[in-house]
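Taking it in order: structure first as structure tokens, then the write-up.
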Amino acid sequence: MKIGIVGGTGGMGEGFALRWCLKHDVIIGSREARKAKEVAENYTNTAKQAYGPNVTIAGSITGDDNISLAKNSDVLILSIPYEFIDDMCSQLSKVVSNDCIVVCPIVPMTRTDKGFTYIPLEDAKRPAGELVAERMAPRSRVVSAFHTISEVKLKKVDLSLEADTYVCGDDPAVVAKLNQLASEIAGLRPVYLGPLSLSYQAEVLTPMLLNAAKQNKLKHPSLRLV
Ligand SMILES: NC(=O)c1ccc[n+]([C@@H]2O[C@H](COP(=O)([O-])OP(=O)(O)OC[C@H]3O[C@@H](n4cnc5c(N)ncnc54)[C@H](OP(=O)(O)O)[C@@H]3O)[C@@H](O)[C@H]2O)c1
Numbered sequence: 007m008k009i010g011i012v013g014g015t016g017g018m019g020e021g022f023a024l025r026w027c028l029k030h031d032v033i034i035g036s037r038e039a040r041k042a043k044e045v046a047e048n049y050t051n052t053a054k055q056a057y058g059p060n061v062t063i064a065g066s067i068t069g070d071d072n073i074s075l076a077k078n079s080d081v082l083i084l085s086i087p088y089e090f091i092d093d094m095c096s097q098l099s100k101v102v103s104n105d106c107i108v109v110c111p112i113v114p115m116t117r118t119d120k121g122f123t124y125i126p127l128e129d130a131k132r133p134a135g136e137l138v139a140e141r142m143a144p145r146s147r148v149v150s151a152f153h154t155i156s157e158v159k160l161k162k163v164d165l166s167l168e169a170d171t172y173v174c175g176d177d178p179a180v181v182a183k184l185n186q187l188a189s190e191i192a193g194l195r196p197v198y199l200g201p202l203s204l205s206y207q208a209e210v211l212t213p214m215l216l217n218a219a220k221q222n223k224l225k226h227p228s229l230r231l232v
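In the working numbering, the protein residues as written are 7 to 232.
Below you can see the structure in the form of structure tokens.
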């Protein structure tokens, strides 16, 4: 499967690439193709070192500009900050193929003197999943997930995450494909919350988690329903 990561040069992009290159062709996206290619080369070297000689990396990590990779991706991960959804999606929506799945891990979050807060609640803005669904129509192809996964843990490929990720989407076939991809990350359990209109419930967990971490000196905590 071809997995394109828009904004893949950031920390989450690295984590996704290192995990999924075992089975898939991952394309790191950037606004600059040259940067994407350099970063992809670095991630490839990191993957080879981290997995060692006894693990076969059956996929690959390459780089391209965000728009070019979107044309060729079966799955497109939007790994960019909330502020840039409008601008980026208005360009991506013109080129993605009809059967491409769009994944939104975006958390609309900011840091204030109270602690981390959820932007839609504080500033009367839209949840990330809703904004993406509107910009990347049809909404049936959009699924939201991975909000509460720490990039630090994702990048440690020998670490089993022992965590849930909360998944929202309108089309059961799209959700099933996302669940399969999520399950390929060691120790990650996808837990379905409901339609995309409930994405805010997954998104808001991240500022909660970071506040708990800060106040209680917990290192990169994650969530699991028991
Ligand atoms: N970090 C985490 O632990 C974590 C956990 C859960 C969810 N998330 C969510 O996952 C997403 C990615 O997180 P991240 O920490 O990897 O993000 P990030 O490092 O802040 O940004 C990712 C990439 O976005 C691109 N970018 C920056 N400004 C842009 C613009 N104006 N237009 C288009 N692209 C732009 C940059 O790539 P180029 O400069 O190469 O274009 C950058 O490398 C975020 O939405 C975040 O809320 C993060």
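Each residue gets a CB set at the ideal place from its N, CA and C atoms; glycine is no exception.
Small disclaimer: the values here were computed from a predicted structure and weren't measured.
{"Query": "Whole angstroms are fine: how far does the CA of I63 sit from the CA of Y27?", "Result": "In the sequence on display, residue 27 carries Cys and not Tyr. If you take the alpha carbons of C27 and I63, they lie about 6 Å apart."}
{"Query": "Which residues bound the beta strand (DSSP E) around K29?", "Result": "Segment: none, K29 is in no beta strand (DSSP E) and carries neither H nor E."}
{"Query": "Tell me whether G17 counts as near ligand 1, meaning its Cβ is closer than 6 Å to at least one heavy atom of that ligand.", "Result": "yes"}
{"Query": "With respect to the beta strand (DSSP E) encompassing G175, which residues constitute its N-terminal and C-terminal limits?", "Result": "169-175"}
{"Query": "Provide the residue span of the beta strand (DSSP E) that contains Y124, from first to last.", "Result": "122-124"}
{"Query": "Beta-carbon within less than 8 Å of K77's beta-carbon, same chain only, minus the 5 sequence neighbours each way: which residues are those?", "Result": "V101, V102, S103"}
{"Query": "Report whether the distance from the Cβ of A205 to the nearest heavy atom of ligand 1 is below 6 Å.", "Result": "What sits at residue 205 in the sequence shown is Ser, not Ala. No, ligand 1 has no heavy atom inside 6 Å of this Cβ."}
{"Query": "So which of T154, D177, N217, G193 has the shortest CA-CA distance to S228?", "Result": "T154"}
{"Query": "Taking contact to mean at least 3 C-beta pairs separated by less than 8 Å, is the segment 38-50 in contact with the segment 177-191?", "Result": "no"}
{"Query": "With DSSP collapsed to three states, give me the class of M214.", "Result": "helix"}
{"Query": "If you follow the alpha helix (DSSP H) that T50 is part of, which residue opens it and which one closes it?", "Result": "39-57"}
{"Query": "Let me check you understand the geometry: is the CB of I9 closer than 6 Å to at least one non-hydrogen atom of ligand 1?", "Result": "no"}
{"Query": "Compute the Euclidean distance between the alpha carbons of D170 and R195, then round it to the nearest angstrom.", "Result": "5 Å"}
{"Query": "Tell me the rounded alpha-carbon separation between A179 and N217.", "Result": "35 Å"}
{"Query": "Would the beta-carbon of G135 fall within 7 Å of that of S205?", "Result": "yes"}
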